[in-house]
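K.L.:
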Amino acid sequence: MAGKSGRSINNVPESSVKRIIFSWEGILVLLFIAVNIFCAFFSEYYNLSSLLRQMPVYVAEVFLMIPMAYILILGEIDISVGSIVCLSSTMACIVCNTNAPFILVVLTALVVGTICGFINGFILTRFQELPPMIVTLATQIIFRGIAEIVLGSGGSISASNTEGFLLIGGKVGQIPYILFLVLILLIIFAVILGKGTFGRRVYAIGTNRLTAYYSGIHVQKIRLLIYTAMGTFSGLCALFLLSTSYGANTTTGNGYEMDAIAMAVFGGILSTGGKGNLAGGAISAFIIVCLRVGLGQRNIHPQVILLILGVLLIGAVALPNIIKQVQRSVKK
219 MAGKSGRSIN
229 NVPESSVKRI
239 IFSWEGILVL
249 LFIAVNIFCA
259 FFSEYYNLSS
269 LLRQMPVYVA
279 EVFLMIPMAY
289 ILILGEIDIS
299 VGSIVCLSST
309 MACIVCNTNA
319 PFILVVLTAL
329 VVGTICGFIN
339 GFILTRFQEL
349 PPMIVTLATQ
359 IIFRGIAEIV
369 LGSGGSISAS
379 NTEGFLLIGG
389 KVGQIPYILF
399 LVLILLIIFA
409 VILGKGTFGR
419 RVYAIGTNRL
429 TAYYSGIHVQ
439 KIRLLIYTAM
449 GTFSGLCALF
459 LLSTSYGANT
469 TTGNGYEMDA
479 IAMAVFGGIL
489 STGGKGNLAG
499 GAISAFIIVC
509 LRVGLGQRNI
519 HPQVILLILG
529 VLLIGAVALP
539 NIIKQVQRSV
549 KK
């Protein structure tokens, strides 16, 4: 088509395949494949069987990434989740050691986690001027402090009855139950976030909270609900963590909040709010899980693994800006 100036105007839409490949999720898929190839060459023991066997130890943290993605899209943060996992694990072990039915152990972990999450949400919605970072830092100290008081001088507790934990830590063939549950929850919450009315409201709050409020969105109710869900998922994480460790101590859950944040941010979810999706978070979570399993099989020090993950996280944050700068320089 030619305009009045005589120049040709191309009105050809960009190829959907090209758009998918060069999207952040497409790049993450390629990185996921690259990480698995690297791990297979790096460790002679790395294969699908060993990955599925060791996966439950790390996949429990993916439970935390799901509601953390919602919180980050709100433009907020929760750094108390590791302490909630610690307290939930501790209380679940105590109830387990009373020979109570296992359903009570499950309810204990979930209820303790939910109460902790509700406390975070209540404080933040009741005192809206308080920053989430400071509030959840305070509750992080409080929740872990309670766990340490309960654990006493020994600083640890073991579950005397492990039958229930063995059950939820079971497998279908070689595939652990936890993997099925994680995938189901990821799909459900990805659909809610991406297609549901609730998800659109979360994005609206993250983009501009004041505008969302004047548009009739119940901002504080949604914030309270999401923080409460964060606590519930922390209790769920504690349960599956107990299915591999059969006990808790004062260091249980240390650093889990940073792992959950790293998975979400690496997946393309902006910490400033209003942008991102769970698909990217899910792919990045499994990239980190695979990397940890592969490097762990060669006895790489955990701190070195954290260093590598930190570099990847910085790269994930910086790459979009680098790409924009390159595009601008090419146009010039």
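With this note's numbering as the guide, the letters of the sequence shown map in order to residues 219 to 550.
For each residue, glycine too, the CB sits at the ideal point set by N, CA and C.
Computed from a predicted structure; not experimentally measured.
With C-beta atoms as the reference, is I364 less than 8 Å away from L305?
P.N.:
Contact flag set, yes.
K.L.:
Does the Cβ-Cβ distance between V303 and L509 come in under 8 Å?
P.N.:
Result no, Cβ atoms of V303 and L509 do not sit closer than 8 Å.
K.L.:
State the beta-bridge partners of V390 as determined by DSSP.
P.N.:
Paired residues: I393.
K.L.:
Relative to the alpha-carbon of S307, which residue among G473, G339, Q346, G465 has its alpha-carbon at the smallest distance?
P.N.:
That would be G465, whose Cα lies nearest to the Cα of S307.
K.L.:
Residues in the same chain with beta-carbon distance under 7 Å from A497, minus the five sequence neighbours each way, listed in chain order, please.
P.N.:
Here the set comprises E243, A408.
K.L.:
Taking G339 as part of the beta strand (DSSP E), name the residues at either end of that continuous run.
P.N.:
No beta strand (DSSP E) contains G339, which is instead part of the alpha helix (DSSP H) from 320-344.
K.L.:
Does the contact criterion of 3 or more C-beta pairs under 8 Å hold for the segment 473-488 versus the segment 279-286?
P.N.:
The segment 473-488 is in contact with the segment 279-286.
K.L.:
Of the residues I435, L399, G424, H436, which one's Cα is nearest the Cα of C455?
P.N.:
Of the listed residues, the one whose Cα sits closest to C455 is L399.
K.L.:
How long is the line joining the alpha carbons of T490 and G293, rounded to whole angstroms?
P.N.:
Spanning the two alpha carbons is a distance of roughly 5 Å.
K.L.:
Tell me, which residues are paired with S376 by DSSP?
P.N.:
Per DSSP, G465.
K.L.:
Cutting at 6 Å between CB atoms, please list the residues of its own chain near A278, excluding the five before and the five after it.
P.N.:
The answer, listed in chain order, is C455, F458, L459.
K.L.:
Could you pull the start and end residues of the alpha helix (DSSP H) that S241 belongs to?
P.N.:
Run containing S241: none; DSSP gives neither H nor E here.
K.L.:
What do you get for G388, buried or exposed, if any count of 16 or more other CB atoms within 10 angstroms of its CB means buried?
P.N.:
The residue is exposed, with fewer than 16 neighbouring Cβ atoms inside 10 Å.
K.L.:
With distances taken between CB atoms, is the gap from G414 to I291 smaller than 8 Å?
P.N.:
No. Outside cutoff.
K.L.:
Could you check if V275 belongs to the surroundings of the ligand MG, using beta carbon to heavy atom distance under 7 Å?
P.N.:
By its list of ligands, the structure shown contains no ligand whatsoever, and the ligand MG lies outside what it can speak to.
K.L.:
Which residue marks the beginning of the alpha helix (DSSP H) containing L480, and which one marks its end?
P.N.:
Per the sequence shown, residue 480 should be read as Ala rather than Leu. A480 -> alpha helix (DSSP H) spans 474-484.
K.L.:
Using a Cβ distance threshold of 8 Å, determine whether the segment 342-353 contacts the segment 317-326, with at least three qualifying pairs required.
P.N.:
Judged by Cβ distances under 8 Å, the segment 342-353 makes no contact with the segment 317-326, as fewer than three pairs qualify.
K.L.:
Within this structure, are the beta carbons of M273 and L397 separated by less than 8 Å?
P.N.:
Against a cut-off of 8 Å, the Cβ pair of L397 and M273 comes out as a contact.
K.L.:
Of the residues A318, N426, Y421, I406, which one's Cα is nearest the Cα of A377?
P.N.:
Comparing Cα positions, the closest option is A318.
K.L.:
Identify, in the order they occur along the chain, each residue of the same chain with its Cβ nearer than 8 Å to the Cβ of Y431, setting aside the five sequence neighbours on each side.
P.N.:
Cβ within range, chain order: V437.
K.L.:
Quick test of your reading: G512 and Y276, contact by CB under 8 Å. State the CB separation rounded to the nearest angstrom.
P.N.:
In fact, because the Cβ distance is near 11 Å, the residues do not count as touching under 8 Å.
K.L.:
Drop a sphere of 10 angstroms on the beta-carbon of V548, count the other beta-carbons inside from all chains shown, and report buried for 16 or more, exposed for fewer.
P.N.:
Exposed.
K.L.:
Can you give the Cα-Cα distance for I505 and E381, rounded to whole angstroms?
P.N.:
Roughly 31 Å between the two C-alpha positions.
K.L.:
What separation, rounded to the nearest whole angstrom, lies between the Cα atoms of G434 and I440?
P.N.:
Spanning the two alpha carbons is a distance of roughly 12 Å.
K.L.:
Buried or exposed: N539, going by 16 or more other Cβ atoms within 10 Å of its Cβ?
P.N.:
N539 is exposed by the Cβ-count criterion.
K.L.:
So, with DSSP's three-state summary, where would you put R271?
P.N.:
DSSP places R271 in helix when its eight states are reduced to three.
K.L.:
Can you tell me where the alpha helix (DSSP H) with Q358 in it begins and where it stops?
P.N.:
Note, Q358: alpha helix (DSSP H), 350-369.
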